[in-house]
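Everything on this sheet refers to the single structure shown next.
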Amino acid sequence: MALWCNEFLPASVGEYAFELALCAHLESADDVIVSRQLGGAVVDADRRVLDVVIVEPGRTFDDRARLSEATIPRRILESPIGAGTFRDWRRALGDGIAAEKAIERAINIGVLEVDHDRGRELVRLVDRYPKDWFDRIIAIENKPYLDEPGALYEQLQFDVSLGLADSVVLVTESYVTRAHRNRFPDEIGIWRFDPEEVSIEVITEASELATDGPGIEIANRQTGRTEIDIVDTTSKQHARRHLAERAYGKGWRTYRLPPCGQVDPDRGPFPGGPYCSHFDRLIRQERDCGPRCPGFEPAAPPPVDLAGLRARCSPWIRNPPDRRSHQSSLERFTSSQ
Ligand code: SF4
């Protein structure tokens with residue numbers, strides 16, 4: 033199957049497809065990490081999900097990419113576990129299922145090596161974690177049709193007040209009027225994305241937000257009253273690193289291709305996408321597909337290597353070489369390797 037990073041075809045797209053097409057375009061246009069549907073709050077993860085996140089590589093990006101293709105667990109990065117000395121992981125993380133899962137996960141993705149000493153289980157990172165592997169983070173809110181704004185204005189205000197990302201951008205297909213702009217926070221950027229022409233027009237440049245200081249997380253907004261949480265600088269820095277880590281591990285090709293003869297990943301606005309020939313559009317497998325669909329033709333899902341596409345189209349490195357010089361498992365975790 034011949035698929036190329038910049039091979040775009042015209043398509044009419046809905047909101048979901050608009051987001052996928054935008055991700056494909058952003059990834060093809062620059063050497064960045066693109067991901068979608070990531071938590072964008074610090075105090076309460078349920079308060080905000082960011083549609084699309086762009087992570088611009090920093091000075092030591094390659095060092096991070098060589099550690100693992102996956103998200104490094106937050107608990108590990110916020111613990112005293114480092115690359116030099118082996119440490120008792122129970123002392124470093126404490127007891128509990130969450131700590132065990134973080135250790136198990138970090139071992140499985142290749143960032144921890146293990147040793148034993150008189151019955152104690154010791155771990156260390158396979159290499160120093162590069163703190164400046166990412167440079168800027170751009171949070172994008174997709175709203176192709178501004179006549180259906182929903183909670184758009186509140187979401188943009190949330191992102192600007194918190195300052196988790198370096199800049200916040202609204203991406204739309206609609207014509208942006210002065211009345212729209214007057215309702216947006218001054219700091220946000222506005223881009224028009226045409227998914228058929230596959231082009232972006234920058235209408236307003238985004239302002240740089242103060243990511244190196246505290247932020248205000250809006251908890252609840254009612255008429256005449258807004259409840260907030262103050263987010264201190266350290267918590268925000270940790271949340272930024274976790275957001276970048278999640279983006280690195282997750283990417284944006286999180287869709288599945290349905291077991292239907294009508295799906296054709298060679299068509300559509302980008303290669304490898306869930307394009308349905310029956311409906312002539314991108315589909316969302318879990319919502320659109322199944323035996324009840326009038327076009328359903330049982331077949332094996334097309335053999336598209338989504339991770340391979342990501343590796344070809346972005347700086348993400350798939351399955352980097354194992355760096356461990358010691359054991360790669362604890363006895364108690366061997367069964368999960
Ligand atoms: S199940 Fe229906 S929507 Fe899904 S790919 Fe097949 S024809 Fe298209």
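Okay, so the sequence shown: first residue is 33 according to my numbering, each after it adds one.
Think of the CB as a built atom: it goes at the ideal place given N, C-alpha and C, for glycine as much as any other residue.
Terminal residues of the beta strand (DSSP E) in which residue i lies
| i | result |
| --- | --- |
| F328 | No beta strand (DSSP E) contains F328, which DSSP labels as neither H nor E. |
| E101 | Note, E101: premise wrong, no beta strand (DSSP E); not H, not E. |
| E153 | 152-157 |
| D147 | 144-149 |
Distance cut-off 7 Å: residue i Cβ against heavy atoms of ligand 1
| i | result |
| --- | --- |
| V336 | no |
| P301 | no |
| D312 | no |
| G327 | yes |
| G409 | No information on residue 409 is available, as it lies outside the stretch 33 to 369 that the chain covers here. |
| C308 | yes |
| I315 | yes |
| Q294 | yes |
| G304 | no |
| G322 | yes |
Own chain partners of residue i with C-beta closer than 7 Å, once the 5 adjacent residues on each side are dropped
| i | result |
| --- | --- |
| A279 | I65, S67, L70, V85, V87 |
| F40 | Low per-residue confidence applies at F40: pLDDT is 44, beneath 50, and the placement is therefore not dependable enough to give any value. |
As assigned by DSSP and simplified to three states, the class of residue i
| i | result |
| --- | --- |
| A242 | coil |
| R119 | strand |
| N351 | coil |
| A131 | helix |
| I86 | strand |
| T258 | strand |
| I169 | strand |
| E47 | helix |
| S60 | helix |
| A183 | coil |
| R272 | helix |
| V66 | strand |
| Q369 | Note that Q369 has pLDDT 37, beneath the 50 cutoff, so the model's placement of it is unreliable and the number below is only indicative. The answer is coil: DSSP assigns Q369 none of H, G, I, E or B. |
| D296 | coil |
| W36 | Because W36 sits at a pLDDT of 44, beneath the cut-off of 50, its placement in the model cannot be relied upon, and the point is left open. |
| A279 | helix |
| D198 | coil |
| L41 | For L41, the pLDDT reaches just 38, beneath the cut-off of 50, and the residue's location in the model is therefore unreliable, although a value from the coordinates is still provided. The answer is coil: DSSP assigns L41 none of H, G, I, E or B. |
| E228 | coil |
| R253 | strand |
| V192 | helix |
Close-in-space but distant-in-sequence residues of the same chain around residue i (CB under 6 Å, 5 per side omitted)
| i | result |
| --- | --- |
| D95 | P162 |
| R356 | E145, V158 |
| I232 | W223, F225 |
| E277 | T103, I104 |
| R168 | E88, D198 |
| K282 | S67 |
| F190 | R80, I250 |
| Y307 | D296, R299, G300, L314 |
| F166 | V87, G90, A276 |
| P217 | L188, Q189, V192 |
Close-in-space but distant-in-sequence residues of the same chain around residue i (CB under 8 Å, 5 per side omitted)
| i | result |
| --- | --- |
| E186 | I250, R253 |
| I248 | S193, L194, I260, D261, I262, V263 |
| R242 | Residue 242 is actually Ala in this sequence, not Arg. So the qualifying residues of the chain are G195. |
| W348 | I65, A97, E101, Y280, G283, R342 |
| I113 | R119, W121, A124, L125, L144, V155, R156, L157 |
| T265 | D244, G245, P246 |
| V201 | I170, A171, I172, E173, I220, G221, I222, W223, A238 |
Cross-strand partners of residue i (DSSP beta bridge)
| i | result |
| --- | --- |
| E371 | Summary: the structure shown does not reach residue 371, with the chain confined to residues 33 through 369, and so no result is reported for it. |
| Y307 | L314 |
| T236 | I222 |
| G247 | V263 |
beta-carbon residue i near ligand 2 non-hydrogen atom, thresh 7 Å
| i | result |
| --- | --- |
| P290 | In the structure shown, ligand 2 is absent; the only ligands present are ligand 1. |
Endpoints, the alpha helix (DSSP H) within which residue i is located
| i | result |
| --- | --- |
| L341 | 338-345 |
| L109 | 106-109 |
| A211 | 210-215 |
Neighbour flag for residue i against chain D, beta carbons, 8 Å
| i | result |
| --- | --- |
| F225 | Going by chain labels, chain D is absent from the structure shown, which holds only one protein chain. |
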